[in-house]
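Which chain is which? The protein sequence lines are A and B, in order. For the first sequence, the numbering used here assigns the number 1 to the initial residue and increments by one for each residue that follows. For the second sequence, the numbering used here assigns the number 1 to the initial residue and increments by one for each residue that follows.
Number of protein chains: 2
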Amino acid sequence: MEGWSSTHVSSRPPHRQNTRPTMRDVAERAGVALVTVSRVVNGVGTVREETAERVMAAINAIGYQRNELARSLRPGQNSMTIGLLLGDLTNPFYASLAKAAVEVANRAGYAVLLSTADEDPEVERRAVGELIGRRVAGLIIVPDQGDHAFLNEINGHDHVPIVFVDRPATGAEADVVLVDNEDGGRKATQHLIDQGHRRIAILGAPSYYSTGRRLRGYRKALRRSGITPDSNLVVTLRRGTTEEASAATHTLLTSADPPTAVFSTTGFLTEGVLRACRQLQTSVAIVGFDDFKLADMLPTPVTVVTSDTEELGRHAARLLLDRIDGDDAPSRRTVLPVQLIARGTGEIGTQ
Amino acid sequence: MEGWSSTHVSSRPPHRQNTRPTMRDVAERAGVALVTVSRVVNGVGTVREETAERVMAAINAIGYQRNELARSLRPGQNSMTIGLLLGDLTNPFYASLAKAAVEVANRAGYAVLLSTADEDPEVERRAVGELIGRRVAGLIIVPDQGDHAFLNEINGHDHVPIVFVDRPATGAEADVVLVDNEDGGRKATQHLIDQGHRRIAILGAPSYYSTGRRLRGYRKALRRSGITPDSNLVVTLRRGTTEEASAATHTLLTSADPPTAVFSTTGFLTEGVLRACRQLQTSVAIVGFDDFKLADMLPTPVTVVTSDTEELGRHAARLLLDRIDGDDAPSRRTVLPVQLIARGTGEIGTQ
DNA sequence: TTGTAAGCGTTATCAA
DNA sequence: TTGATAACGCTTACAA
């Protein structure tokens, strides 16, 4: 009853849904076998010049384009797609990270599946699942807090390399690309000390990795200068929003024994500090972690410590591509340098 | 010679490369047929409670996860992936667009392939090819200048819906989601007129769609107020960078008959105008198109006309998903409203 | 309720 | 140099 094996079926079965032309269509049109088309498309094996031309003509005529999904189904092929999992793109930090990573990946022929897991471990877990389900060849992740042990299976047993960016993931062992948070904290604080400040407050987001390291740098700088840390000047916010930072600054500056300087450890927080100052019509010395646009255009240009965020993304992508290409050396930890840009707010002296 | 049809092959062929477990692995472990696993995973057909539990147990035991790539190879299935093609993510406009689109898509179960084609038509064309090769179910594109007729085939014959954002594509017919550029231009200019200005310059990026419409609004507002347009006050930059805008502003303000107000038609340009003013230690009245962070914190807070960029992205994504779901009504053009936010620079009077 | 078989578009293997 | 065939992991008919 099956006619298909004896009769040469020249046209598509009627129930066909996917409408894009396939190698079979090209082959029919060029009057060659399907496998010959494959050889031409991939430039492997041997095909007579004239045959190849006929195939190419057919390809152009019907607008054939290789189906990468089918291709990656074959053993030994990867999907030529990586996954990128990070926070809110509205945060310029994540935006430049993404920009740079996409650039490197695309240039190497990889597509990028972008997913944003906004600080929610459960969302993050689901997102990773979606990406793995699409068989990404590797993952770049800015990990949230919370246990990431579930990634070890992916990275290890499943051989899907993972690179963490900006902070390591607790419970998971993989490559990490970081900025030198501790040195940044130290540099920011030291700069304020150099301007004569001794009562220096630090504003931190919740106990993320970065905040902890920046705080450590802050403490080291104080200790080195013989300044006794005042725990009233160490403020850890609950969520790390601009509004919280603004409120906290308000409290600090209107307290009995206010600080003369503030080290704010993220871009959002710096904005909050600035807004509070404006509202109070005061100014304190400020150094922020992370540079931001127009920082130099504000009434008092803002002094910051910063690192090259795009380089962070580029490096992560390059590292991941190396891993995908088979580099199986032990996990690497890269730390990018941080530099201070003095613009004004950090140079406001004590009275 | 083929033993495979008579002998029950219970273990994997040795040359296996992809190491993730498959339905076959689950089936073996649960002692059922592969198709039963499929039924359980997809919740279709009928499976006895007890059998389903055995299958689920096996799935959890070996950490099975459905291969979406293989799945989407079947007729009538789509890849559950859309493509997003836009400009430099460092531009907050694109970043919010992407954020919103990704959010909507993910929530609907779609993954997003992100590609950035930086104002280069050839790069854009290649990027579209890569996305189509991965069989995206739809495309959201912020089109560059240049002919986009090649997209008609994709949108029409191949049934891959396309939604253009921020500007229509020349030569291609598809849904478009825009902001009301002309009204924005009109509102910005009218606001300056209302403050008493009559010599109002306009700074535009190259003749992109948006700039043209904003310019038209500018002209209409002038005409309506009986102001004769001065062509010396209409400046079209060659690339639209901040630096160019700064230089152009410098030229304008130091000319024999300088304008008393400037309408800058993009965020980058507005920054350039502000920098030039600072450098010259002058101030002119300014209204910018597109809001930006810290606009309200600058020495003179910046007046802008703006629309809801995230809504732009959300709307585009929702429209695309509708199309993917089969909505085949004629192409739609959505225009989002623009509002003016008066902050200071627009309210600087004449002398 | 469960299973067999065919096929989605591609590439690797082997034979002609 | 070219082609027939199996297989990648999955779902949809159809059969038991």
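Idealized CB from N, CA, C, for every residue including glycine.
Cα-Cα separation between residue i and residue j, rounded to whole angstroms
i                      : j                      : result
residue 273 of chain A : residue 113 of chain B : 37 Å
residue 11 of chain A  : residue 329 of chain B : Confidence at residue 11 of chain A is low in this model, with a pLDDT of 42, below 50, so its placement is unreliable and the value that follows should be read with caution. When rounded, the distance between both Cα atoms is 30 Å.
residue 61 of chain A  : residue 51 of chain A  : 15 Å
residue 333 of chain B : residue 175 of chain B : 6 Å
residue 156 of chain B : residue 316 of chain A : 39 Å
residue 142 of chain B : residue 28 of chain B  : 48 Å
residue 34 of chain B  : residue 153 of chain A : 24 Å
residue 150 of chain A : residue 163 of chain A : 15 Å
residue 227 of chain B : residue 251 of chain B : 22 Å
residue 337 of chain B : residue 184 of chain B : 8 Å
residue 169 of chain A : residue 131 of chain A : 18 Å
residue 305 of chain B : residue 189 of chain A : 40 Å
residue 263 of chain A : residue 276 of chain A : 14 Å
residue 236 of chain B : residue 37 of chain A  : 50 Å
residue 31 of chain B  : residue 40 of chain B  : 14 Å
residue 269 of chain A : residue 245 of chain A : 5 Å
residue 115 of chain A : residue 314 of chain B : 15 Å
residue 8 of chain B   : residue 24 of chain B  : The predicted model places residue 8 of chain B with a pLDDT of 34, which falls under 50 and marks its position as unreliable; any figure quoted below should be read in that light. Using only the alpha carbons, I get a separation of about 12 Å.
residue 331 of chain B : residue 173 of chain B : 7 Å
residue 303 of chain A : residue 321 of chain B : 45 Å
residue 209 of chain B : residue 147 of chain B : 13 Å
residue 261 of chain A : residue 249 of chain B : 37 Å
residue 77 of chain B  : residue 71 of chain B  : 7 Å
residue 14 of chain B  : residue 22 of chain B  : With a pLDDT of 37 at residue 14 of chain B, under the threshold of 50, the modelled position of that residue is not reliable, and no figure is offered here.
residue 73 of chain B  : residue 324 of chain B : 17 Å
Which of helix, strand or coil DSSP assigns to residue i
i                      : result
residue 234 of chain A : strand
residue 185 of chain A : helix
residue 47 of chain B  : coil
residue 133 of chain B : helix
residue 20 of chain B  : coil
residue 202 of chain B : strand
residue 154 of chain B : helix
residue 145 of chain B : coil
residue 292 of chain B : coil
residue 339 of chain B : strand
residue 13 of chain B  : Bear in mind that a pLDDT of 41 at residue 13 of chain B, under 50, signals an unreliable position, so the model cannot answer this.
residue 111 of chain B : strand
residue 73 of chain A  : coil
Selected residue, minimal CA-CA separation from residue i, among the options
i                      : options                    : result
residue 266 of chain B : B:204, B:76, B:215, B:338  : B:204
residue 160 of chain B : B:145, B:170, B:140, B:167 : B:140
residue 243 of chain B : B:233, B:256, B:235, B:271 : B:271
residue 231 of chain B : B:137, B:257, B:59         : B:257
residue 83 of chain B  : B:137, B:57, B:58          : B:137
residue 125 of chain B : B:22, B:85, B:106, B:43    : B:85
residue 239 of chain B : B:215, B:211, B:222, B:195 : B:211
residue 280 of chain A : A:253, A:119, A:222        : A:253
residue 233 of chain B : B:202, B:322, B:220        : B:202
residue 319 of chain A : A:53, A:287, A:68, A:104   : A:104
residue 127 of chain B : A:134, A:120, A:102        : A:102
Chain A within 8 Å of residue i, Cβ atoms only
i                      : result
residue 321 of chain B : no
residue 159 of chain B : yes
residue 253 of chain B : no
residue 285 of chain B : no
residue 22 of chain B  : no
residue 98 of chain B  : yes
Beta carbon proximity, residue i to chain B, threshold 8 Å
i                      : result
residue 301 of chain A : no
residue 341 of chain A : no
residue 269 of chain A : no
residue 63 of chain A  : yes
residue 347 of chain A : no
residue 133 of chain A : yes
residue 249 of chain A : no
residue 38 of chain A  : no
residue 205 of chain A : no
residue 119 of chain A : no
residue 129 of chain A : yes
Cβ-heavy atom distance, residue i to the ligand ZN, below 7 Å
i                     : result
residue 23 of chain B : The ligand ZN is absent from the structure shown, which contains no ligand whatsoever.
Cβ pair count under 8 Å reaching 3, the region 300–310 of chain A against the region 174–192 of chain A
yes
Could you tell me whether the region 98–113 of chain B touches the region 88–102 of chain A, using the rule of 3 or more Cβ pairs below 8 Å?
yes
Within 8 Å, do at least three Cβ pairs link the region 287–304 of chain A to the region 284–296 of chain B?
yes
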